[in-house]
Amino acid sequence: MKLDDFPAEIQPYLVPQPSGTYLYRCISCGAEYGVEKLLYTCPQCRSVLLIKDMDWQRLKHIPGTMWRKIFDYRGMLTLPAVRGIYRFHELLGSIIPLDSVIYLGEGHTPVVAGNERLSRWTGLPFYFKNDGQNPSASFKDRGMASAFSYLKQLI
15 MKLDDFPAEI QPYLVPQPSG TYLYRCISCG AEYGVEKLLY TCPQCRSVLL
65 IKDMDWQRLK HIPGTMWRKI FDYRGMLTLP AVRGIYRFHE LLGSIIPLDS
115 VIYLGEGHTP VVAGNERLSR WTGLPFYFKN DGQNPSASFK DRGMASAFSY
165 LKQLI
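Just add 14 to wherever you are in the sequence shown, counting from 1, and you've got this note's numbering.
See the structure below:
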């Protein structure tokens, strides 16, 4: 489909642009570092680093129902960068330009209904993502797609 074929209120959001201000934050000492270079652990205390989007609040100006529509319509695009997990670009790695996104089919896996007993136990319809159909047959492909896309952007 062409962008003009989508509803007018969705069109400006279909092809995401890099946005946000990210930083590494150490979970032990609280030190913060820019994300312009790759860090494995905190240079100060060698603990684990989390990546934080300091501009997360910017996403709240669009209501959740609108985000749902954006993500659903994005799934109809033929642009490889927004297939799979990066359909949710703003929630995963919004600083990564689309031309750096690496997509091999990860995340574009079927949803399988859970058994009736599990649904009764939870009181809700229950579903699983069959990540065995990812390129390496593992849920880890989702994280690696994000990691490799970030590395490609750095290079």
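For glycine and all other residues, C-beta sits at the position ideal for the given N, C-alpha and C.
A straight-line Cα-Cα distance of about 13 angstroms links T55 and G48. For E104, the secondary structure class from DSSP, reduced to helix, strand or coil, is helix. Counting along the chain, no alpha helix (DSSP H) covers E46; the unbroken beta strand (DSSP E) around it starts and ends at 46-48. In the structure shown, the three-state DSSP call for Y54 is coil. With fewer than 16 other Cβ atoms inside 10 Å of its own Cβ, S42 counts as exposed. In the structure shown, the three-state DSSP call for F142 is strand. For R60, the three-state secondary structure derived from DSSP is coil. By the neighbour-count definition (other C-beta atoms within 10 Å, threshold 16), R88 is a buried residue. Listed in chain order, the non-local C-beta contacts of G128 below 7 angstroms within the same chain comprise F140, Y141, F142, local neighbours out to five positions each way being set aside.
Comparing C-alpha distances from L165 to each of K74, S61, G137, I109 shows the shortest one belongs to I109.
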